[in-house]
Amino acid sequence: MQAPRMLDTSQGALTELTRWRCQVAAQSLCIIDNCRKPVRVKSRGWCQSHYLRWLRHGNPLAGGTPLGSGMALIQTALETETDECVIWPFGTNGQGYGLVTVGGKHHAAHRVVCKLAHGEPPSPELFALHRCGNGHLGCVNPRHLRWGTAKENSADRNLHGTGQRGEKSNSAKLTECQAREILSLKGKMSQRAIAAKFGVGQRTISDIHNRITWVDLI
């Protein structure tokens, strides 16, 4: 591809130059190993994601969680013999519970650990309870986790003084009754339809259905 002439500094020529740069960038890939995203214009050869990381952290590789790190930590937690809390160091939801990507979807890390350590819950309504009381801090030690009922979960919250979540949270957009109804509609209505019914975003519905938010109800 031939570059436009640089002598003409009129608005039309500058627009042509910008268009040419975009075309060149579209044909180029990010120079970061194993990244197949197109290069961003004026980004030092990086894609949009790596360029933004460089702007924020001074390093195009900083700020992200390496692929597979979440499951690697879960495996380490499953093999641990410590009785101390194993705190999730990666992304969390608004309530402090760890998030891990499995099969392209976000899941509550403590529930994944509980399933792997203690098997599937006898009932999908059961909670992954923390005997340490540090679920809101991201604990994923399987020795601290067990399946329990909503009544047991409420008792644990009262015991540990960790009840200021869900509806009482300052960021809550839904009441507990609404969250329970949303949970009961899983598989019966589309997430988009449920979101429209309750006047919230589809992401809010997805997070409730995937046990990422309103963890205490699940």
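In case it helps, my numbering puts the sequence shown at residues 629 to 846.
Glycine included, every Cβ here is placed at the ideal spot set by N, Cα and C.
Exercise. Using a Cβ-Cβ cut-off of 6 angstroms (strictly less than) and excluding sequence neighbours within five positions of Ala756, which residues of its own chain qualify?
Worked result: Position 128 of the sequence shown, counted from the first residue, corresponds to residue 756. Closer than 6 angstroms at the Cβ level, and outside the excluded window around Ala756, lie His738, Arg739, Cys742 and Leu773.
Exercise. Using three-state DSSP, classify Ala653 as helix, strand or coil.
Key: Numbered from 1 along the sequence shown, position 25 holds the residue referred to as residue 653. Model confidence at Ala653 stands at a pLDDT of 49, short of 50, so the residue's coordinates are unreliable; what they give is reported in the following sentence. Correct three-state label for Ala653: helix.
Under 8 angstroms: does the beta carbon of Trp775 sit that close to some heavy atom of the ligand ATP? As far as ligands go, the structure on display features none, and thus does not contain the ligand ATP.
### Message
Quick check: Ala705 and Ile840, are their CB atoms within less than 9 angstroms of each other?
### Response
Locating residue 705 in the sequence shown gives position 77, counting from the first residue. Locating residue 840 in the sequence shown gives position 212, counting from the first residue. No; because the gap between Cβ atoms is not below 9 angstroms, this pair is not in contact.
Check your understanding: Alpha carbon to alpha carbon, what distance is there between Cys713 and Gln676?
Key -> Against the sequence shown, residue 676 aligns to sequence position 48. Against the sequence shown, residue 713 aligns to sequence position 85. If you take the alpha carbons of Gln676 and Cys713, they lie about 37 angstroms apart.
Practice prompt. Report the rounded CA-to-CA distance for Cys760 versus Leu657, giving the unit in angstroms.
Written response: Translated into the one-based positions of the sequence shown, residue 760 becomes position 132. Translated into the one-based positions of the sequence shown, residue 657 becomes position 29. Straight-line Cα distance between these residues: approximately 47 angstroms.
Could you check the C-alpha separation between Asp578 and Asn762 for me, to the nearest Å? The first residue shown for the chain is 629 and the last is 846, placing residue 578 beyond what the model contains.
* Asked: What residue range is occupied by the uninterrupted beta strand (DSSP E) comprising Leu757?
  -> As a first step, residue 757 must be located in the sequence shown, where it is residue number 129. Phe755 to His758 is the extent of the beta strand (DSSP E) around Leu757.
In the DSSP assignment, the beta strand (DSSP E) including Val730 goes from what residue to what residue? Within the sequence shown, numbered from 1, the residue matching residue 730 stands at position 102. Run containing Val730: Leu727 to Val730, per the beta strand (DSSP E) assignment.
Where the alpha helix (DSSP H) containing Gly766 begins and where it ends: Against the sequence shown, residue 766 aligns to sequence position 138. Segment: none, Gly766 is in no alpha helix (DSSP H) and carries neither H nor E.
task: Could you check if Thr621 is buried or exposed, using at least 16 other CB atoms within 10 Å of its CB as the buried criterion?
output: In this structure the chain extends from 629 to 846, so residue 621 is not present and cannot be described.
Review point. Could you check where the beta strand (DSSP E) with Arg774 kicks off and where it finishes?
Key: Position 146 of the sequence shown, counted from the start, is the residue given in the question as residue 774. Element bounds for Arg774: Leu773 to Gly776.
- If you run the structure through DSSP and keep just helix, strand and coil, what is Lys743? Working through the sequence shown from its first residue, we reach residue 743 at position 115. Lys743: helix per DSSP, three-state reduction.
Check your understanding: beta strand (DSSP E) containing Lys814: first to last residue?
Key -> In the sequence shown, residue 814 corresponds to position 186, counting from 1. Where Lys814 is concerned, there is no enclosing beta strand (DSSP E), given that its DSSP letter is neither H nor E.
**Study point:** Residue from Lys814, Gln830 and Ser812 whose Cα sits closest to the Cα of Arg820
**Key:** Sequence index remark: in the sequence shown, residue 820 carries index 192 (1-based). For the residues Lys814, Gln830 and Ser812, the minimum Cα distance to Arg820 belongs to Gln830.
- Task: Round the Cβ separation of Asn769 and Thr708 to the nearest angstrom and send it over; I've been treating them as touching at under 8 angstroms.
- Result: For the purposes of this step, residue 769 is taken as the residue at position 141 of the sequence shown. For the purposes of this step, residue 708 is taken as the residue at position 80 of the sequence shown. At roughly 7 angstroms, the Cβ-Cβ gap stays under 8 angstroms, so Asn769 and Thr708 are in contact.
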